[in-house]
Structures are given as structure tokens and as C-alpha cells.
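Number of protein chains: 2
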Amino acid sequence: MSKKLEQPTQTLKTPRGRRPNGNGLSSTTIMDVAREAGVSYATVSRVVNNKEYVKSDTRERVLKAITSLGYVVNQQARSLAGGRSYAVGLLVRDLGSSYMGEIVRGIDESLSAAQYNLMLYTTHRRKIKERIYVNNLIQGMTDGLLLVLPENLEAYLETLDQTNFPYVLIDHQGLDERTPVVITTNWQGGYDATRYLIELGHRRIGFLTGMMDMRSSQDRLSGYQAALRDHGLPADPQLVYEGTYYQPEGYAGAQSLLRLPEPPTAIFASNDVMAFGVMEAVRDAGLRIPSDISVIGFDDIAQASQVAPPLTTVAQPLEQLGREAVRMLLARINNPEQPIARTILPTTLIIRQSCDVPRNV
Amino acid sequence: MSKKLEQPTQTLKTPRGRRPNGNGLSSTTIMDVAREAGVSYATVSRVVNNKEYVKSDTRERVLKAITSLGYVVNQQARSLAGGRSYAVGLLVRDLGSSYMGEIVRGIDESLSAAQYNLMLYTTHRRKIKERIYVNNLIQGMTDGLLLVLPENLEAYLETLDQTNFPYVLIDHQGLDERTPVVITTNWQGGYDATRYLIELGHRRIGFLTGMMDMRSSQDRLSGYQAALRDHGLPADPQLVYEGTYYQPEGYAGAQSLLRLPEPPTAIFASNDVMAFGVMEAVRDAGLRIPSDISVIGFDDIAQASQVAPPLTTVAQPLEQLGREAVRMLLARINNPEQPIARTILPTTLIIRQSCDVPRNV
DNA sequence: TTTATTCTTGCAAACGCTTACAGAAATGAT
DNA sequence: ATCATTTCTGTAAGCGTTTGCAAGAATAAA
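First to last, the sequence lines map onto chains E and W.
Each step along the first sequence adds one to the number in this note's numbering, with nothing skipped, and position 343 is 332.
Each step along the second sequence adds one to the number in this note's numbering, with nothing skipped, and position 117 is 106.
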């Protein structure tokens, strides 16, 4: 190849002091690629961003230069110039539960497929933090926001809406019907599990609620109550124990239910973790699962199939919840006119071995 | 206040089209603050960055303008100009285990205290991803990198070192003694737990290893072996079962150990999750814990104290691991000359109720 | 061939900030 | 009061991109 490409006369002001990249190496820029490929930096930008109006052999030449130089676009600069940061913020309470783990897995899989970065913020249940984070995030750091089980929506949802900043709530109903959310059929899940127990022959079914300030907990409870009603069974308030979604509360709740003068023959816990507590309490009371007491959970976290006996439970498509939320968010980012949507994903009853027909039927 | 401050003649070129902030609102910039406070934007920058040489009443005036306008610095611009992004990257395999949860908690607590942002990357054990992420991250996105249990170090550690990019490994030994790491005393933990069992009177102690390609697993095993040796006990290879750190493997391992012609009287699992599997298997074999078989774990995750009986285990200061890593990383970021350090945090034996003297002594 | 269109490409400005540099103001020493 | 310092503040350049605009190249239409 002897056909020398003449260097375009680009404004090559001598840099003030070639500031190295924060660390040692001063990185290759769009300019370097342009020089290497013998085009202007604007063209390189067009190639990088897959814009139309680039001759295909020019494009190839640039692409080759990019790989040979190992060029990686500088997101900060891109964001500054173009108004896109290619990052989304994720606000969660806490990590470390498989509930979160699965949701986050769905989120970051979809996000990385779309070449987006993830900024993580954990509130550790400090409500004030939510607002602080949100304020920083919408200030250009990210293009959108994903909120898993937010606790303090009132503090910033209005701000988000006013600035028309893209966001999606996960596993939270939102403040009204105009909030974009991804949720599951909690009511139906509660209903299905209860009906299953009823159809097995159970007449007294204990219920352990989650935190009752969460809409999902309320829905599971009403699903349970509706199923009882539909099958002509009384809704004995003694059978409903108010829990918190944590394991010890499952243990305590089961103990309290078992001590009842007329104890239940089945216990429905509003999540798997509490169901594990229930199983322990049942065992400690010298009873067997499922022959003496049936136990059913909610969520279908990975452990549910690993305990003994494997737990019958209502599966929530957690990973899908995350994926769906990302899909909605990106749609909204790419087209702000996009009408806001609410996605409701179905729960499924997973029948394993923790339930059986009641003993004394 | 009638003392009108004359407007400094700042280059106020008419903007090309007042690009709104990606969303609706065009955000307040350093310029707006400058105008409001009647100073130049450089001064505002000095105030924001807490630089010296600003008269205190000027500083106050600027501060007031900042709050009244609700100004938030644009990180991308700051990063572009100054070479600091105030973000660190966190590379993990997976979320959703309480092991990770606790480490991440420590990390993001320290990080947010230092006003740093966290970019999260999960590899889901796809080794290729590690390198891709690392390459992007060091390209200006972040000021430093935290790697929890990396699996593919060889692929990029050299790059990191060459560019002198700040990073710290968590719970990984690194390739040589010159890698900055935060680890725990795995060997000692293995030793302590084993010695405890020996001192209770156990002579045949089963051991379930973790994934043996991890140095921590090897260390726990050698701690176990050393304790046996130091107490004059034989190291029966039949008593060592190679596991994976996952619960089903704990179940399987315990089953296999219990089927031995001369089964152990105690089982030491290399992590708590496997220990839970062990407990299940022991129970399913019709044996009691701790009267028939003692069980001991490693990690001290939250659940360890909640199972029945509460699990005796070797606590790793996971949250502290995270905090320490951040401390080291920020030190390195703020002073690249900082000599690389290796921090070793102590494990502690937590005695609960899953161990007892052996039955047939 | 000439002219009108449609493609390609380069130039320059702008994104919001940091920081070197230099001039102005204030302070201290003489 | 004068000069040397020191403290304070403003100007300008530059960080690495994106993108409107306009000019040149290629193609289609006449």
C-alpha cells in the first residue's frame, strides 16, 4: 500500500501538558483513530455511533484502526457532548438476598446486552439516602433509573416526573396508575396457593403476612382471603399472623399458629425465607412436613428446591422482572414520548413436596 | 443590598441550541452559580473543590448561590476536565449470596462516605467478560477497581499494573506478593475450627473443601491438616471430600462421609452454605446435631445463627473486608506513589450449638 | 454534457468543568 | 509612603466527544 493518504489539517493545538489518564497511560482518542485511518475525527465518531452516510470502505478502514489501536470510547466525553451517559442507576435496599440477586441478574444481563453501564446505590433502608441519590443521579450521571422496592417514593417521584426523567419501579405499585412499574400477580399468587391447599382438603390454613406497608403483602393476603371466601371457608383472623419477610418471624409465626387451640393443618408464608422459619418451627414442635403440616411459600428462590422437603411455593419471575424493567426503561430513554406502561408478570404455583392432604380428614 | 455587582464579562457565546439535559430540564451549571454569586466560574469551581485561596465571604456567597440554585456538579464534565471520575468499578461474580451482600455492603458504605459512585459489573462467571469490563473501566470510566474473587486475573492484571491503574483484590491472593489484596486468615480459620473439634475430643473429622482452584479453599484445607498433624492425628484422605461451596455438594459430601465404614464424628464444611447441606444430610440419615455428629462451617453468614441448631462457624469479617479494600483503593487513588499493601484480616471462631463432644468417647 | 439530488466528509462549536497563568488586591516590611 | 509578598480572582485553554452546517463528490435526471 503505497498510496499515502495526506494528513488532513486538523486543529492540532499543542496540548497544555498532555494530562495522563488519571493513571499512567494517556489513552487513545478519537483523534488517534482518525489519524490512523486518514479521516476526520467526525467520521470516526459517525462510525462509532453507527450513523448512516459513511462510505462502507471508509467505515471499514476506521473500524480496522479502532481495533488496531484498541480504542475505547470515553463515556464521559460522549455524555458531555451528546447528552447520553449510557449508564442507568439502580437503587436497591440491600444486596445479598437471592430475591435481589435474581432481579439484579436480569437487570444487568439486559443492560450489558444494550451496552449500558450500571451504577449501583444501596440505601440500606435509610430513607433519606433515596432522595439524595436520586437527585445526583438525574443530574446527568445516568440516563435512567431503576428502583427496586423503593420506600420513599413520595420524596422524589414528583421531581422525576416533572423533569420527565426516565424511570421504572420494580415490584412496587407506584403512587397511581400513571407510574411505570413492573410487578407480578401477587393477588393471583396468593389465591392460587390457597386454592391448592383447599383442594388438597385443608380447611384451616394459617397465613403469615409480609410487611403490611407493602402493597405486594396486602395483595397476597387478599388473594388468600378471596380463595377462602370463594370456597366457602371462614376467614379466621386468628390464622393470620403479621410477619416481616424475615426468617425468625416465620419461626415465631408458626409457633404462634401451632399453639392455637385449633391449629391450622397448613401454613402459607408470604415468602420462602419465612417458610424456612416455619419449617424449622414445625420440626421443632415434633411435627412432620408434609404429613402433619403442609407448608407453602412465595418467591421460589433457589434454596426453595434445596431444602428438605423441597418447598412448594409460588414462583415470581424475578429475573424476568429485571429484564422487563430494563426493556421498558430503554424504550423510554430512546423515545421520551413513549407512553408509560405497567407490566404485570404472572406468578406460577410450583408444586414440590412440602404439601399433602391434611392428616385428620 | 443595593451594592450592584457588575457582571464580569464572561465569554457568553450563544449556545448552539441549549440542549436539554437528555431529559426535559436543562440543568444549572457552574456558570449559573457564578452569575448568581457575582463571581467568575473559576471561583465557583474553587469553592466546590474546596481549594485554598478563596476569600471566606466570597466562598459563602458562592455556597449560598449553590444551595439556592440547587446546583449539583456534573461528574462527567469534571472527570473530563480534571481526570477524576469519582467512581470506582466493582467486579463480582454474582450477587445474591450473603457472602457478596456483606462485602458489597462494606464497600458501598465506605464509598458513599467518600462521595464516590459505584459502577457494578457482574460476570456471572463468564471469564471473558472480566477482561472486557476491565478494559472499559480503566478507559476513564472509573478511578479505581475492586475485584471480588476474580477468576481470570492473568488476562488483565498486567494491563492494570502497566498503566498503574489503582485496584485492590478482595478475598484473592493475587498472582504474587506484589499484588494489593485484602484477605482473611483462611489457614488459621481452618486450623482453629479443627483444633476446637479436636479439643472437644473428636478424632475422626470429615472435611468438605471448597472449589480447589481457589487459594482460600486450599488454605482452609491445609489449616485443617496442620491442626490434625499438630495433635498427632492421622490425615485420612477418605475424610476429605472435594466440594464446590454450594449447598447440594454439602449434602452429597456429608452423605458420602457418613457412609464410610468408619464415619467421622464431626464434619467441617469449608463454608456455611455447604454446612447447611451437611445438616440436612445428617438429619435425613436420622442422626442428631450435635449429639451424634458435630457440624462446623466457615463464613458466618447471617443465616448461620438462624438455623437449628445455630451453627458454630469461623467468622470472616466480610463487611470489613469491603471497607478495608475501599480504604486501600482510595489511598492509592489519592496517592499513586502509595506503596502497595496486603491486608490480612483475622477470622474468628464463633461457637454456637452445632458441636459437642463426640458420642462414643 | 449540464443540472439537480443525494451521499460523504470535514470544520467548528459546544457540552460543563479544572487548572495554569497572570493580573489585581491586600498585607507586611521597611 | 514604597516595595515585596502573599492572597485572591478572572481569563483562556483544554479534556474527548457529538452534531449542525456547508462544501465537495458521486449519482441520477434532464
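The beta carbon of each residue, even a glycine, is placed where N, CA and C say it ideally should be.
Would you say Leu64 (chain W) reaches chain E, if we count a Cβ-Cβ gap shorter than 7 Å as a contact? It should be pointed out that residue 64 (chain W) corresponds to Gln in this sequence rather than to Leu. Chain E, which has a Cβ nearer than 7 Å to the Cβ of Gln64 (chain W), makes this yes.
Go ahead and pull the three-state DSSP assignment for Leu84 (chain W). coil
If we cut at 7 Å on Cβ distances, does Val61 (chain E) have a partner in chain W? yes
Ranges of the beta strand (DSSP E) found wholly within the stretch 237 to 315 of chain W, counting only runs of at least 3: 255 to 258, 283 to 288, 301 to 304
Contact check, Thr131 (chain E) vs Val171 (chain E), beta carbons under 7 Å: No. Outside cutoff.
Would you say Met20 (chain W) lies against chain E (beta-carbon separation less than 7 Å)? Contact with chain E is absent for Met20 (chain W), since none of that chain's Cβ atoms lies less than 7 Å from the residue's Cβ.
With DSSP as the reference, label Thr372 (chain E) as helix, strand or coil. Because chain E here runs from -10 to 350, residue 372 (chain E) falls outside it and cannot be looked at.
In terms of residue numbering, what span does the beta strand (DSSP E) encompassing Arg209 (chain W) cover? Taken as a continuous stretch (DSSP letters only), Arg209 (chain W) belongs to no beta strand (DSSP E), being part of the alpha helix (DSSP H) at 204 to 219.
Based on Cα-Cα distance, which residue from W:Ile340, W:Asp225, W:Thr233 lies nearest to Asp202 (chain W)? W:Thr233
Compute the Euclidean distance between the alpha carbons of Leu307 (chain W) and Gly199 (chain E), then round it to the nearest angstrom. 28 Å
Quick one: any contact between the stretch 246 to 256 of chain E and the stretch 184 to 192 of chain E, if contact means 3 or more CB pairs under 8 Å? yes
Rounded distance between the beta-carbons of Thr336 (chain W) and Thr174 (chain W), thought under 8 Å: Contact flag correct, Cβ pair sits at about 5 Å.
State the start and end residues of the unbroken beta strand (DSSP E) segment that holds Arg331 (chain E). 331 to 334
Would Asn338 (chain E) pass as a contact of Gln309 (chain E) if the rule is Cβ separation under 7 Å? With the sequence shown as reference, residue 338 (chain E) is identified as Leu, and Asn is not the correct amino acid for it. No, the Cβ-Cβ distance between Leu338 (chain E) and Gln309 (chain E) is not below 7 Å.
According to DSSP, residues forming a beta bridge with Ile159 (chain W): W:Val137, W:Val171
Considering only C-alpha positions, which residue in the set W:Pro139, W:Arg73, W:Glu119 is nearest to Met89 (chain W)? W:Pro139
Residue ranges of each alpha helix (DSSP H) run of no fewer than 4 residues wholly in the stretch 48 to 85 of chain E, ordered along the chain? With a minimum length of 4 residues, the continuous alpha helix (DSSP H) runs that stay inside the stretch 48 to 85 of chain E are 64 to 71.
Ser283 (chain W), buried or exposed, once every other Cβ within 10 Å from all chains shown has been counted against 16: That one is buried.
Answer yes or no: do Ala26 (chain W) and Arg50 (chain W) have a C-beta to C-beta separation smaller than 7 Å? In this structure, Arg50 (chain W) lies closer than 7 Å to Ala26 (chain W) by Cβ.
Under 8 Å from the C-beta of Leu84 (chain E): neighbouring residues of chain W: Leu84, Gly85, Met89, Gly90, Val93, Arg94
Straight-line gap, Gly85 (chain E) to Ser99 (chain W) (C-alpha atoms, nearest Å): Rounded to the nearest angstrom, the two C-alpha atoms are 17 Å apart.
Give the secondary structure of Met89 (chain W) by DSSP, where H, G and I count as helix, E and B as strand, and everything else as coil. helix
Report yes if the CB atom of Ala431 (chain W) is closer than 7 Å to the CB atom of Ala270 (chain W), and no otherwise. There is simply no residue 431 (chain W) to check, as chain W begins at -10 and stops at 350 in what is shown.
With a cut-off of 8 Å, do at least 3 Cβ pairs link the stretch 153 to 163 of chain E to the stretch 310 to 321 of chain E? yes
Which residue marks the beginning of the beta strand (DSSP E) containing Val43 (chain W), and which one marks its end? That residue, Val43 (chain W), is in no beta strand (DSSP E); it is neither H nor E in DSSP.
Would the beta-carbon of Asn81 (chain E) fall within 7 Å of that of Thr111 (chain E)? Sequence check: residue 81 (chain E) is Val here, not Asn. Yes, these two residues count as a Cβ contact at 7 Å.
Please report whether the beta-carbon of Glu25 (chain E) lies at a distance below 7 Å from any beta-carbon of chain W. no
Measuring straight from C-alpha to C-alpha, what distance separates Thr332 (chain W) and Arg348 (chain E)? 58 Å
Does the distance from the C-beta atom of Gln365 (chain E) to that of Gln65 (chain W) stay below 7 Å? Outside the modelled stretch of chain E, which goes from -10 to 350, sits residue 365 (chain E), for which no answer is possible.
Using 7 Å as the limit for Cβ to Cβ distance, is Ala243 (chain E) near chain W? Output row for Ala243 (chain E): interface = no.
What three-state label does DSSP hand Val36 (chain W) in the structure shown? It is helical.
DSSP three-state assignment for Met108 (chain E), whether helix, strand or coil: Assigned with DSSP and collapsed to three states, Met108 (chain E) falls in strand.
Below 7 Å on C-beta distance, what does Gln128 (chain W) contact in chain E? Ser16, Val61, Asn63
Within chain E, the residues that Leu107 (chain W) reaches when beta carbons sit closer than 8 Å: Met108, Leu109, Tyr110
Sequence-distant residues of its chain with Cβ nearer than 6 Å to Arg114 (chain E) (five each side left out): Arg82
Return helix, strand or coil for Gly179 (chain W), following the three-state DSSP convention. helix
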